[in-house]
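Colleague: Okay, handing you the structure first.
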Amino acid sequence: MNYESLLADRTRLMSANAIREILKVVSKPGVISLAGGIPSEQSFPMDLMANLTEEVLSEYGTHAFQYDLTEGFMPLREQLALLLAQRGIDVPAEDICVTTGSQGVLDGIAKLMISKGDKIALEAPTYLGALSAFNPYEPEYIRMDMDDEGLVPESLEYTLQNHRVKFIYLVPTFQNPTGRTLTLERRRAVVQIIQKYDALLIEDDPYSALRYRGEAVPPIKTLAPDHVIYVSTLSKVFAPGLRIGFFAAPEFIRQWLVLGKQGVDLHTSTFNQALAARYLAGGHLEHHLPRIIDLYRPKQEAMSRSIEKRLPTEFTCSPSDGGMFLWVSGPEGMDMEVLYHRCVDKGVAFVPGKFFFTRENEGAQTMRLNYTMADENTIDLALQRMASAIAEM
Ligand SMILES: Cc1ncc(COP(=O)(O)O)c(C=O)c1O
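Just so you know, we're using the working numbering here: the sequence shown kicks off at 1 and counts up by one.
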């Protein structure tokens with residue numbers, strides 16, 4: 001049978017995620033991977049899981065195994081309202097919706113809002129999973145400049161002056177892939193601009209809880225509630241396999257997103273939501289989060305030290321106070337994809353930065369390094385191997 005002919009036109013636009021292809025190579029024995037983007041299994045609160053499961057059975061009984069509201073399991077939404085209040089976002093539980101990972105929100109937004117040729121403004125570089133969600137709907141991407149303080153507001157203003165964009169997509173805190181954070185001053189500038197042009201912003205915030213030093217910066221949602229869809233997740237602070245994401249959106253958009261989700265999965269797993277509700281209600285996040293931070297902070301510091309000590313001075317690293325990644329730029333003209341292949345031969349892998357850009361030929365001299373998986377000594381060994389590959393180039 002000619003299966004190829006059965007595919008819809010849009011399906012051809014679902015290209016394989018470049019990082020997945022890279023991850024296949026790095027599963028070779030002996031290769032240290034700084035390429036992944038996943039939490040360490042040591043960050044999962046395994047000591048709690050049996051008790052939480054028992055609590056789910058005794059508190060919710062059959063409800064935990066029944067169909068439920070598309071918007072989400074109410075006890076979890078109540079806890080998420082408290083969590084968001086801690087971040088300065090004041091929304092009632094009824095206005096928060098639970099999704100199958102925050103990836104589920106990005107997919108829902110794409111389905112709801114993008115028609116072929118619609119313009120979407122995003123940071124260069126940006127989160128690859130957002131592009132995977134948006135691509136099948138054939139948008140045109142308008143890339144905006146970033147520096148070490150995050151999105152450059154003038155670039156946003158220029159974009160909105162010259163293009164009618166459907167929405168702006170940002171990861172403003174400890175961005176994937178750069179680890180950068182948009183400063184408070186710039187957040188205020190961004191808010192003024194989106195209000196001036198009456199533009200909608202998607203604020204994707206999976207990492208803000210993973211702060212290793214410095215003061216928290218308020219979400220953009222707190223500064224412009226009517227212009228922002230706030231998207232977050234428990235993947236980095238509980239367990240990603242449970243697939244618990246959530247969002248707070250203006251009511252009109254929320255209702256459409258809920259309608260869209262009905263057609264996708266009716267609702268996110270009730271049992272998993274119930275487990276998450278017990279995790280939050282029991283105050284476990286407050287106790288466990290410092291353990292996750294204590295796990296990752298030394299890894300991040302070890303990686304920063306090794307980059308500085310091992311790599312040539314032309315290699316610079318964007319400052320970052322949290323999240324899961326460091327972003328390194330090499331000398332102009334260097335192609336990190338070439339370095340990548342040499343590094344794999346030497347037993348270390350990373351993701352060449354060019355994959356995170358929508359414009360071809362951008363970011364060739366950059367790379368993303370993940371520090372959540374390896375221990376400190378292994379991270380240093382990885383950077384030594386990388387340095388030796390660089391020296392040979
Ligand atoms: C910026 C960003 N958004 C969304 C996600 C998706 O997370 P999840 O679907 O597990 O909530 C990730 C995962 O790495 C991410 O880095």
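Virtual Cβ for every residue (Gly too), placed ideally from N, Cα, C.
How should V338 be labelled, buried or exposed, when 16 other C-beta atoms within 10 angstroms of its C-beta is the threshold for buried?
Modeller: Locating residue 338 in the sequence shown gives position 338, where the first residue counts as 1. Flag for V338 reads exposed.
Colleague: What ranges does the alpha helix (DSSP H) occupy inside the stretch 153-221, keeping only unbroken runs of at least 4 residues that lie completely in it?
Modeller: 153-162, 184-196
Colleague: Considering Cα atoms alone, identify which of E376, Q192, K221 is closest to I202.
Modeller: Position 202 of the sequence shown, counted from the first residue, corresponds to residue 202. Nearest C-alpha to I202: K221.
Colleague: Could you tell me which residues DSSP pairs with K119 in its beta bridges?
Modeller: Residue 119 sits at position 119 when you count from the first residue of the sequence shown. E140, V165, per the DSSP bridge assignment.
Colleague: Please return the same chain residues whose Cβ sits closer than 6 angstroms to the Cβ of D380, not counting the five positions on each side in sequence.
Modeller: Here the question's residue 380 lines up with position 380 in the sequence shown. Result list for D380: S306, in chain order.
Colleague: Go ahead and pull the three-state DSSP assignment for L151.
Modeller: Taking the sequence shown and counting its residues from 1, one reaches residue 151 at position 151. Looking at L151 - three-state DSSP - the assignment turns out to be strand.
Colleague: Less than 8 angstroms separating the beta-carbons of G186 and L160?
Modeller: Your numbering for residue 186 matches position 186 in the sequence shown. Your numbering for residue 160 matches position 160 in the sequence shown. First, the residue type needs correcting, since residue 186 is Arg and not Gly in the sequence shown. It is not a contact, given that the beta carbons lie outside the stated cut-off.
Colleague: Quick one: what's got a C-beta closer than 6 angstroms to A249's C-beta in the same chain, skipping five residues either side?
Modeller: As a first step, residue 249 must be located in the sequence shown, where it is residue number 249. So the qualifying residues of the chain are I229.
Colleague: So, do the stretch 62-76 and the stretch 204-211 have three or more beta carbon pairs nearer to each other than 8 angstroms?
Modeller: Contact between the stretch 62-76 and the stretch 204-211 is absent: fewer than three C-beta pairs spanning the two stretches fall below 8 angstroms.
Colleague: With respect to 7 angstroms, is the separation between the Cβ of D204 and the closest non-hydrogen atom of ligand 1 below this value?
Modeller: Here residue 204 refers to the residue found at position 204 of the sequence shown. Yes, ligand 1 has a heavy atom inside 7 angstroms of this Cβ.
Colleague: Just how far apart, CA to CA, sit P153 and L311?
Modeller: Position 153 of the sequence shown, counted from the first residue, corresponds to residue 153. Position 311 of the sequence shown, counted from the first residue, corresponds to residue 311. Distance between the alpha carbons of P153 and L311: 32 angstroms.
Colleague: Taking 7 angstroms as the limit between beta carbons, can you name the residues of its chain near A276, skipping five residues before and five after?
Modeller: Reading the sequence shown from its first residue, position 276 is the one you call residue 276. Hits under 7 angstroms: L76, L234, F238, L242, I244.
Colleague: I need the straight-line Cα distance from I38 to I293, nearest angstrom please.
Modeller: Within the sequence shown, residue 38 is the residue found at index 38, counting from 1. Within the sequence shown, residue 293 is the residue found at index 293, counting from 1. Answer to the nearest angstrom: the Cα atoms are 15 angstroms apart.
Colleague: Could you work out which residue in E78, Q103, L280 is closest to L48 when comparing CA atoms only?
Modeller: By 1-based counting over the sequence shown, the position of residue 48 is 48. For L48, the nearest C-alpha among the options comes from L280.
Colleague: Please state whether the Cβ-Cβ distance between D148 and R188 is less than 8 angstroms.
Modeller: To locate residue 148, count along the sequence shown from 1; it is residue 148. To locate residue 188, count along the sequence shown from 1; it is residue 188. Contact: no.
Colleague: What's the gap between the Cα of A35 and the Cα of T183?
Modeller: Along the sequence shown, one-based indexing puts residue 35 at 35. Along the sequence shown, one-based indexing puts residue 183 at 183. If you draw a straight line from the Cα of A35 to the Cα of T183, it comes to about 27 angstroms.
Colleague: Please name the residue in H267, A199, L7 whose C-alpha comes closest to that of N162.
Modeller: Indexing the sequence shown from 1 puts residue 162 at position 162. Here the closest residue by C-alpha is A199.
Colleague: Tell me, please, whether the stretch 330-349 touches the stretch 107-123 by the rule of three or more beta-carbon pairs shorter than 8 angstroms.
Modeller: At 8 angstroms Cβ cutoff, the stretches do not touch.
Colleague: Quick one: what's P298 bridged to in DSSP?
Modeller: Stepping through the sequence shown from its first residue, residue 298 is reached at position 298. Answer by DSSP bridge pairing: none, since P298 is not bridged.
Colleague: List, from N- to C-terminal side, the beta strand (DSSP E) runs of 3 residues or more that fit wholly inside the stretch 65-118.
Modeller: Runs of the beta strand (DSSP E) inside the stretch 65-118: 96-100.
Colleague: Leaving aside the five residues before and after D204 along the sequence, list all residues of the same chain whose C-beta is less than 6 angstroms from its C-beta, in chain order.
Modeller: Position 204 of the sequence shown, counted from the first residue, corresponds to residue 204. Excluding sequence neighbours, D204 sits near V171, V231.
Colleague: Closer than 8 angstroms is the cut-off here; do at least three beta carbon pairs connect the stretch 348-366 with the stretch 19-27?
Modeller: In the pairwise beta carbon analysis, the stretch 348-366 is classified as touching the stretch 19-27: at least three pairs are separated by under 8 angstroms.
Colleague: Any heavy atom of ligand 1 closer than 7 angstroms to the beta-carbon of V171?
Modeller: As a first step, residue 171 must be located in the sequence shown, where it is residue number 171. Yes, since a heavy atom of ligand 1 falls inside the 7 angstroms radius drawn around the Cβ of V171.
Colleague: For ligand 1, any of its heavy atoms closer than 7 angstroms to the Cβ of Q273?
Modeller: For this step, residue 273 is matched to residue 273 along the sequence shown. No, the Cβ of Q273 stays beyond 7 angstroms of every heavy atom of ligand 1.
Colleague: Would you tell me roughly how many angstroms separate the C-alpha atoms of H287 and P45, rounded to the nearest one?
Modeller: On the sequence shown, position 287 is the one that residue 287 refers to. On the sequence shown, position 45 is the one that residue 45 refers to. Spanning the two alpha carbons is a distance of roughly 10 angstroms.
Colleague: Go ahead and label R368 buried or exposed: buried means 16 or more other beta carbons lie within 10 angstroms of its beta carbon, across all protein chains shown.
Modeller: In the sequence shown, the residue the question calls residue 368 occupies position 368. Buried, by the Cβ-count rule.
Colleague: For A391, which residues in the same chain have their Cβ closer than 6 angstroms to its Cβ, ignoring the five residues on either side in sequence?
Modeller: Reading the sequence shown from its first residue, position 391 is the one you call residue 391. No residues qualify anywhere along the chain.
Colleague: Measure the beta-carbon distance from Y371 to Q300 and round it to whole angstroms, keeping in mind my assumption that it falls under 8 angstroms.
Modeller: Looking up residue 371 in the sequence shown gives position 371. Looking up residue 300 in the sequence shown gives position 300. Contact holds; Cβ gap of about 5 angstroms.
Colleague: Name the one or two DSSP bridge partners that N135 has.
Modeller: In the sequence shown, residue 135 corresponds to position 135, counting from 1. Its beta-bridge partners do not exist; DSSP assigns none.
Colleague: Are there 16 or more other CB atoms within 10 angstroms of the CB of Q79, so buried, or fewer, so exposed?
Modeller: For this step, residue 79 is matched to residue 79 along the sequence shown. Flag for Q79 reads buried.
Colleague: Tell me the DSSP secondary structure of T62 in three-state form.
Modeller: Counting from 1 along the sequence shown, the entry for residue 62 is found at position 62. The answer is helix: DSSP assigns T62 an H, G or I state.
Colleague: To the nearest angstrom, how far is the alpha carbon of L257 from that of G108?
Modeller: As a position in the sequence shown, residue 257 is number 257, starting the count at 1. As a position in the sequence shown, residue 108 is number 108, starting the count at 1. Computed Cα separation, rounded: 6 angstroms.
Colleague: Rounding to the nearest angstrom, what Cα-Cα distance links Y158 and F356 in this structure?
Modeller: The count along the sequence shown starts at 1 and reaches residue 158 at position 158. The count along the sequence shown starts at 1 and reaches residue 356 at position 356. So the two alpha carbons sit approximately 22 angstroms from each other.
Colleague: Quick check: the Cα distance between S40 and M373, rounded to an integer number of angstroms?
Modeller: As a working mapping, residue 40 is identified with position 40 in the sequence shown. As a working mapping, residue 373 is identified with position 373 in the sequence shown. Within the model, the alpha-carbon separation for S40 versus M373 is close to 5 angstroms.
Colleague: Do A224 and Y169 have their beta-carbon atoms positioned less than 8 angstroms apart in this structure?
Modeller: The residue given as residue 169 occupies position 169 in the sequence shown. The residue given as residue 224 occupies position 224 in the sequence shown. No. Outside cutoff.
Colleague: My guess is that G88 and P206 are in contact by the Cβ rule of under 8 angstroms, so how many angstroms apart are they, rounded?
Modeller: Your numbering for residue 88 matches position 88 in the sequence shown. Your numbering for residue 206 matches position 206 in the sequence shown. 17 angstroms between Cβ atoms; not a contact.
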